[in-house]
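The next block holds one structure in the form of structure tokens; read it before the comments.
In mature numbering (1 follows the signal peptide of the UniProt record, and there is no 0), the protein residues as written are -22 to -1, 1 to 947.
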């Protein structure tokens, strides 16, 4: 018995805890422990050691079992099941004398972790650690009968191996909590008391297993086990693999000494991929009883608690020192760029060869970032043209040609993107054309079209006898694209086959045409001054050759190549090149590229580039206005019009409208008077003219759109309705407030009471209250035709008289402070009427060789020229200003033409002088009865002060005395 007790003490020295390294899930570690088959005093223990860490130390040991735990599980607390066994007295006796101790060979390399060595604690690892450690430090062999395992919330952190965001809702963690016992006395047996499912909860980035608290009894020859079992991790289909990392701690109380130990565990965890998306978590450690068919099997040591035989009362616990981390490796789409043979090529700018995109959902659609270029120059110096792309490992016969690859993945390792480009021997080359209007502005070329036929050319020979040429159509009737305010054509990147005999293969834009809308007349490389506009310079034009350096053309050569010719259909084209064998296909030389094979066996690829836009200057079609007499000779234009004025036609549906209204008659700069006859459009004068005074018509874009206005020279009589008007105040000093005058001069026929408004009254301020007032700027033509027109088409007669008047001559400014405006007859001059006999049988209205008769106006007539006030404005509505009338007869035969205040002589016009009497403020001094009294010194009885403005305010010239004496009063 004593020897047995020694054995117990010796066994304590061998007891250790299990150690788990990082959760590598790679290396399997198996440890076999030999257990005594019978309770003898001096029996030798066989110890099987771990393949990875146990060393064959010879010890005498009681029966020993090693336990390993590997995965976290949550479970409701269960009451431990009491195992009833019928044992013989001897068996009970031996149970008291012989005990089995848990023995685990410690790893000699790892030093025990200090109390502070527990890692990142989540859930309640921190409190679990403290509670458990405190309890085990307080263990007493004599008094401690129960190992109280606290509840543990074990958190698994789930992270993407590439730092991807993880959706924990797509993952599933399952486990069982197992309660088992092993009796090592007589009639050995083991029993699983319970398997229960723990509560498992998910949060963003982690999954938590709730492991309920439990009390494990410490009793002789019985081992109690409480651990996580059957741990499985199910992933979504977009996960490729998983890896678990973390560390475990082992706590132990050993033997009757109660010695406490805390060390890292060396147990290795194995993650086994059971199916495409299911992983099991186990350890390589197996607990079994040597010589018996019973075994607990492999225990996934992540959480494991046990108590030892009653003679030792050993407590043992393994749990994570930090959150276990499940690193998940997402399936990925790998982007590959390949040539048509399948070889890897450098990716275009903005893309990456071998770029991987994680698949992050069960319904994932891959979309490549960016838009694939049609062509690009790679880092290896080569140029590549887009052919298409495909998904997966096998290249199909037909590639997808969208430039932004996108597809639903299939999660079958066949989701990679393969983008195929073809190496080309000609890069994409762009040629741009701008169009400048006559104002020097770049126009929007919306209605300017560039058209061409895209042709391939095969030329064989050297150009001599036996040489051949053939053409094929790649694409007919192509149009240049509008890019901003430019038109653009592009020769695409291309691999043109190299000939194997002397000659060349090529491509060109044939039948290249610039088609203008019909409102443009011409197109030119030069501006309207005949020069290259520095704002729109010539581009640099170069020939690019695979056999030599680029050759830059001279300016003269560029001008020759870009100078336009006009086709029969009106379109324009730069200088063209063609084959002497077949000239039917023509094209601008810079819009061709060739691969030539020479007799020496060398191959040369050539094409031309242009550094910037080619600018052409537009000339609009125009409508030219011409004024002609009836014989077609050019005559001076009326005032407000311009001989030869040009108006640009600016649209395809343009209607020309002449500015202004043509006068019926006018006096031209050559001194002649012209009468309107009509107008016509184009080069040919029709027999009947259009007689509207505001010509307007739709143009026809046929160089036959000019306007021709026809006037007939007319003998007219000029009258000069103008007079000078002076305003003076009460003292004869100029009345200087600036005034303007208005009124309408009209003709009134007694026939049908027809009134024809003719001209506005105008005035000119000459300063110091002096003005010139006139009708039609002081010049009015009259002719027989005009008189007839104004007289309702009737000849002048006693029953069809004609009068000319100003309807109402008004001073436009308010003169509220003015009392009256009267004619000063003494200061005025030429207040006369003038008379002529009206002629009806002559083109003149009176005979200029017969002197006019004059008569002074009577005073009562002159008085009618005064201005009357309505309280605010002054005006004269007497119809006497510039009055003229026809139809009165003194002889009964000829009718008189009478003019008031003006005549047919512009010299020495009428002068009207007006006295402006202003309203006055009168100063009166009166006593309390209202009787006038002598004023104080310095004041004048009845002194008057004139008002000077519409806002006049009276102010005495000095202060009134409070009292004064005069005349003894």
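Every residue gets a Cβ at the ideal spot worked out from N, C-alpha and C, and that includes glycine.
If you draw a straight line from the Cα of residue 700 to the Cα of residue 737, it is about 13 Å long. Of the residues 851, 719, 427, 352, the one whose Cα lies closest to the Cα of residue 498 is 427.
Listed in chain order, the beta strand (DSSP E) runs fully inside the stretch 342 to 421 are 343 to 345, 353 to 355, 361 to 369, 384 to 386, 395 to 402, 407 to 414, counting runs of at least 3 residues. Sequence-distant Cβ neighbours of residue 457 in its own chain, meaning closer than 7 Å and more than five residues away, are 427, 428, 429.
Boundaries of the beta strand (DSSP E) harbouring residue 701: 700 to 706, taken from the DSSP string. Cβ contact annotation for residue 928 (same chain, cutoff 7 Å, sequence separation greater than five): 792, 794, 795, in chain order. For residue 423, the three-state secondary structure derived from DSSP is helix. One alpha carbon belongs to residue 206, the other to residue 133, and they sit about 14 Å apart.
Every unbroken stretch of the beta strand (DSSP E) spanning 3 or more residues and falling wholly within the stretch 514 to 590 is given here in chain order: 519 to 523, 554 to 556, 564 to 566, 570 to 575, 581 to 588. Residue 807 is bridged by DSSP to 889. Taking C-beta atoms as the reference points, residue 849 and residue 786 fail to come closer than 8 Å. Between residue 106 and the set 296, 215, 416, 164, the nearest pair of CA atoms involves 296.
Inter-segment contact for the stretch 530 to 547 and the stretch 602 to 620 is absent: fewer than three beta-carbon pairs are separated by less than 8 Å. Annotation for residue 485: the continuous beta strand (DSSP E) segment containing it runs 481 to 493. Residue 546 sits exposed, since fewer than 16 C-beta atoms from the chains shown fall within 10 Å of its C-beta. Taking a contact as a CB-CB distance under 8 Å, the pair residue 380 and residue 354 does not count as one, their CB atoms being some 17 Å apart.
By the Cβ-count criterion, residue 919 is exposed, with fewer than 16 other Cβ atoms from all chains shown falling within 10 Å of its own Cβ. By a beta-carbon distance limit of 8 Å, residue 310 contacts residue 335. Their separation comes to about 6 Å.
When the beta-carbon positions are compared, residue 844 and residue 784 stay at least 8 Å from each other. Note on the stretch 646 to 690: whole beta strand (DSSP E) runs with a minimum of 3 residues are 651 to 659, 674 to 676, in chain order. Shown here, residue 839 sits in a helix according to DSSP, grouped into three states.
In terms of Cα proximity to residue 527, the closest of 877, 583, 594, 566 is 583.
For residue 862, the enclosing beta strand (DSSP E) stretches over residues 862 to 867. DSSP lists no bridge partner for residue 829. Judged by DSSP in its simplified three-state form, residue 947 adopts coil rather than helix or strand.
The straight-line gap separating the alpha-carbon atoms of residue 596 and residue 415 is approximately 5 Å. Residue pairing from DSSP places residue 593 in a beta bridge opposite 412. In this structure, the alpha-carbon of residue 337 lies about 8 Å from that of residue 343. In the three-state reduction of the DSSP assignment, residue 327 falls in the coil class. For residue 897, there is no enclosing beta strand (DSSP E), as DSSP marks it with neither H nor E. Residue 915 and residue 930 have their C-alpha atoms roughly 26 Å apart. Taking one beta carbon from each stretch, the stretch 477 to 491 and the stretch 561 to 570 have 3 or more pairs nearer than 8 Å; the two touch.
Take residue 175, set aside five residues on each side of it, and no residue of its chain has a beta-carbon closer than 6 Å to its own. Taking each of 684, 124, 517 in turn and checking the Cα distance to residue 409, the smallest one comes out for 517. At a cut-off of 4 residues, not a single continuous stretch assigned as alpha helix (DSSP H) sits fully inside the stretch 223 to 263.
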